[in-house]
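Chains A and B supply the protein sequences, listed in that same order. Okay, so the first sequence: first residue is 26 according to my numbering, each after it adds one. Okay, so the second sequence: first residue is 265 according to my numbering, each after it adds one.
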Amino acid sequence: MALYSEKVMDHFRNPRNVGVIEDADGVGEVGNAKCGDIMKIYLKIKDGIIVDVKFETFGCGSAIASSSMATEMIKGKPVSEALSLTNKAVAEALDGLPAYKMHCSVLAEEAIKKALKDYYDKNGIEYDPALFPDCDSCEHCSI
Amino acid sequence: MIYADNAATTKMSEAAIKRMTSVLNESWGNPSSLYSHGQKAKETLEEARAEIAEAIGAEPREIYFTSGGSEADNQAIRSAAAIGRSQGKTHIVSTAFEHHAVLHTLEKLKKEGFEITLLDVHENGLVVPSEVEEAIRDDTCLVTVMYANNEIGTIQPIKEIGEICRRRGVLFHTDAVQAIGHLPVNVREDNIDMLSASAHKFHGPKGVGFLYAKRGIRLTNLIEGGAQERGKRAGTENVPGIAAMAEALKESVAKIPESTARLTAARDTIIEGLRQIPHSALNGDERMRLPGNVNFCFEGIEGESLLLLLDDKGICASSGSACTSGSLDPSHVLLAIGRVHDVAHGSLRLSICEDITDEEVDYIIKSVGEVVGHLRGFSPVWRDLLSGKREFIL
Numbered sequence: 026m027a028l029y030s031e032k033v034m035d036h037f038r039n040p041r042n043v044g045v046i047e048d049a050d051g052v053g054e055v056g057n058a059k060c061g062d063i064m065k066i067y068l069k070i071k072d073g074i075i076v077d078v079k080f081e082t083f084g085c086g087s088a089i090a091s092s093s094m095a096t097e098m099i100k101g102k103p104v105s106e107a108l109s110l111t112n113k114a115v116a117e118a119l120d121g122l123p124a125y126k127m128h129c130s131v132l133a134e135e136a137i138k139k140a141l142k143d144y145y146d147k148n149g150i151e152y153d154p155a156l157f158p159d160c161d162s163c164e165h166c167s168i
Numbered sequence: 265m266i267y268a269d270n271a272a273t274t275k276m277s278e279a280a281i282k283r284m285t286s287v288l289n290e291s292w293g294n295p296s297s298l299y300s301h302g303q304k305a306k307e308t309l310e311e312a313r314a315e316i317a318e319a320i321g322a323e324p325r326e327i328y329f330t331s332g333g334s335e336a337d338n339q340a341i342r343s344a345a346a347i348g349r350s351q352g353k354t355h356i357v358s359t360a361f362e363h364h365a366v367l368h369t370l371e372k373l374k375k376e377g378f379e380i381t382l383l384d385v386h387e388n389g390l391v392v393p394s395e396v397e398e399a400i401r402d403d404t405c406l407v408t409v410m411y412a413n414n415e416i417g418t419i420q421p422i423k424e425i426g427e428i429c430r431r432r433g434v435l436f437h438t439d440a441v442q443a444i445g446h447l448p449v450n451v452r453e454d455n456i457d458m459l460s461a462s463a464h465k466f467h468g469p470k471g472v473g474f475l476y477a478k479r480g481i482r483l484t485n486l487i488e489g490g491a492q493e494r495g496k497r498a499g500t501e502n503v504p505g506i507a508a509m510a511e512a513l514k515e516s517v518a519k520i521p522e523s524t525a526r527l528t529a530a531r532d533t534i535i536e537g538l539r540q541i542p543h544s545a546l547n548g549d550e551r552m553r554l555p556g557n558v559n560f561c562f563e564g565i566e567g568e569s570l571l572l573l574l575d576d577k578g579i580c581a582s583s584g585s586a587c588t589s590g591s592l593d594p595s596h597v598l599l600a601i602g603r604v605h606d607v608a609h610g611s612l613r614l615s616i617c618e619d620i621t622d623e624e625v626d627y628i629i630k631s632v633g634e635v636v637g638h639l640r641g642f643s644p645v646w647r648d649l650l651s652g653k654r655e656f657i658l
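If you want it as structure tokens, here you go:
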């Protein structure tokens, strides 16, 4: 049995939406190099719709695949929908991740949320802070 | 496929398979049985023991067959600890980058009241003999230092360490799993009291290994039962595996001069080639290393994705990244030589076999360069390094 599903391998080998948006409306970076994965999401938002999204990831195969899949899932979608994207949905869309790699899908969810929060902050849009978990206090990376 | 993970396991040699098959077919009796068919298996077993003893300069009665390197490590350390405790000596000296079979056994002993000193292995991955001497105390019962490191391939000054231990009257064990069959090892000349080895690292089968224990050392049983292995390791012997191990060892040892020359040349070409990748560094001493071992860190990338992409290119390799171990920490070996977490995650180990061709060497260099470049292309860490937001470590 292979370590990863065909879908994970496809997104890992041919990651979608790779790159940078120079004039992004929202940018979110989560993780740290110390624990081996960093995800950075760039969003271009117009009229409440995510018109473009790019990512950069330093990490393992499932981290790269999770970023790729997550960007695909929010591209062209309203901000409200992107906000409700869960790590579970990302993992399911990838036909599952090994249990000890579920963390990678969590990072993808959090990176998107962080980028959306950045967008709200930059544009003075009010929001419920409870929507945005504090990634930095997550125990996973606290080495 | 280019198999460059020989430190993980090796392909069995034709001769070892042949001998194993012949034992399975013809000598399948129980060596403990009295009738001639059983005694034939006993002869096979003792023949293998003599061959193995000869290959490392030991006496046959000093060889104990085990299920592999881990069991041999456990038994050697447990035995020395039991001897030590009976004399009121409960201090053990080892190193920070031993195999987990050694480190975890030492951790258990610590809970049982032993005091453990782990020596620094320095940036080059080498133990300094004078530091062993300084670490030995009146209550030291064992020094255990691996012959060659399984990740970075550094070869320790075993003979000097053994000499110090002998002079100070302390038992000396070495985990020689990566060395046996690859380096000339002689337990007498190297002043070794106990040594662990595993067959599948030198083209023998998996699930079989041996412990060499110098005559007079009282071993502690890990497995109780029958009187096999001079009463020190119960259970019907894995005769086909043991015979195949002996065959593989004979063959490997005979080939050492030839394979060392070939491997060293190929290894050094790969090292030179990978050095051309910017912000990369060789892990472990350049000269005092196993002839087939290459271990690098590449800044700005993570090891698991590197391995997966190399696999796509038909190259089997390994990494010390956290993601390949299932834990959050990268390899304890890389941390022990002072690599910080950030770069330890981006490590690659290539452990080659002497049948590697010049074309394969070139292909490996080219492929690693491509894959590292590809991953850096969308790594936020690499971007930050390039823009000066983050400082280069390598």
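We put the beta carbon where it would ideally sit given N, CA and C, even for glycine.
Within 8 Å of the CB of B:I565, the CB atoms of chain A belong to F83, in sequence order along the chain. DSSP places B:G610 outside both helix and strand once states are collapsed to three, so it counts as coil.
Under the Cβ distance rule, A:R41 does not count among the residues neighbouring chain B, no pair being separated by less than 9 Å. Just measuring C-alpha positions, the residue of B:H363, B:N388, B:L447 and B:E397 sitting nearest B:E424 is B:E397.
Residues of the same chain with a CB within less than 7 Å of the CB of B:E427, apart from the 5 flanking positions on each side, are N455 in chain order.
Contact between the segment 595 to 602 of chain B and the segment 501 to 521 of chain B is absent: fewer than 3 CB-CB pairs across the two stretches fall below 8 Å.
With respect to chain B, the C-beta atom of A:E135 has no partner C-beta closer than 9 Å. Between B:L612 and B:F656, the C-beta gap is not smaller than 9 Å, which leaves the two residues out of contact.
Under the 9 Å criterion on CB atoms, B:R526 is classed as non-interfacial with respect to chain A. Taking a contact as a CB-CB distance under 8 Å, the pair B:H437 and B:F466 does not count as one, their CB atoms being some 19 Å apart. Between the beta-carbon of B:S615 and that of B:G556 there is about 5 Å, and that keeps the pair under the 8 Å contact cut. Under the three-state reduction of DSSP, B:R313 is assigned to helix. B:V604 has a beta carbon lying within less than 9 Å of a beta carbon in chain A. B:C580 has a beta carbon lying at 9 Å or more from every beta carbon in chain A. For B:I347 against B:R432, the beta-carbon gap comes to about 15 Å, at or over 8 Å, which does not count as contact. Looking at the DSSP output, B:L459 bridges to B:T438 and B:Y476. Under the three-state reduction of DSSP, B:A600 is assigned to helix.
The Cβ atoms of B:L592 and B:A271 lie no closer than 9 Å to each other. Around B:A586, the beta-carbon contacts reaching into chain A at under 8 Å are C60 and G61.
With respect to chain B, the C-beta atom of A:E54 has a partner C-beta closer than 9 Å. Between B:K353 and the set B:Y267, B:L435 and B:V503, the nearest pair of CA atoms involves B:L435. Closest option to B:I422, judged by alpha-carbon separation, among B:A443, B:L572 and B:C405: B:A443. Residue pairing by DSSP places B:L406 opposite B:I356 and B:L435 in a beta bridge. An exposed status is given to A:P103, since fewer than 16 other beta-carbon atoms sit within 10 Å of its beta-carbon. Residues of chain B whose Cβ lies closer than 8 Å to the Cβ of A:G44 are, in chain order, F642.
The residue among B:G652, B:I628, B:G641 and B:A586 with its C-alpha nearest the C-alpha of A:C60 is B:A586.
The C-beta separation of B:A336 from B:G489 comes to about 18 Å, leaving the pair out of contact by the 8 Å criterion. Judged by beta-carbon spacing, B:N294 lies within the 9 Å limit of B:A305, meaning their Cβ atoms are closer than that value. A straight line joining the alpha-carbon of B:A317 with that of B:T418 spans about 25 Å.
In this structure, A:F157 keeps its C-beta atom at 9 Å or more from the C-beta atom of A:K147. Between A:V55 and A:A90, the gap from beta carbon to beta carbon reaches 9 Å or more. Straight across, the Cα-Cα distance linking A:N112 with A:H128 is about 9 Å.
When Cβ-Cβ separations below 9 Å define contact, B:H609 makes contact with chain A.
Using a CB distance cut-off of 9 Å, A:M64 counts as an interface residue toward chain B. B:V645 has its alpha-carbon roughly 20 Å from the corresponding atom of B:Q540.
Comparing alpha-carbon positions, the option among A:D77, A:N57 and A:T96 lying closest to A:I46 turns out to be A:D77.
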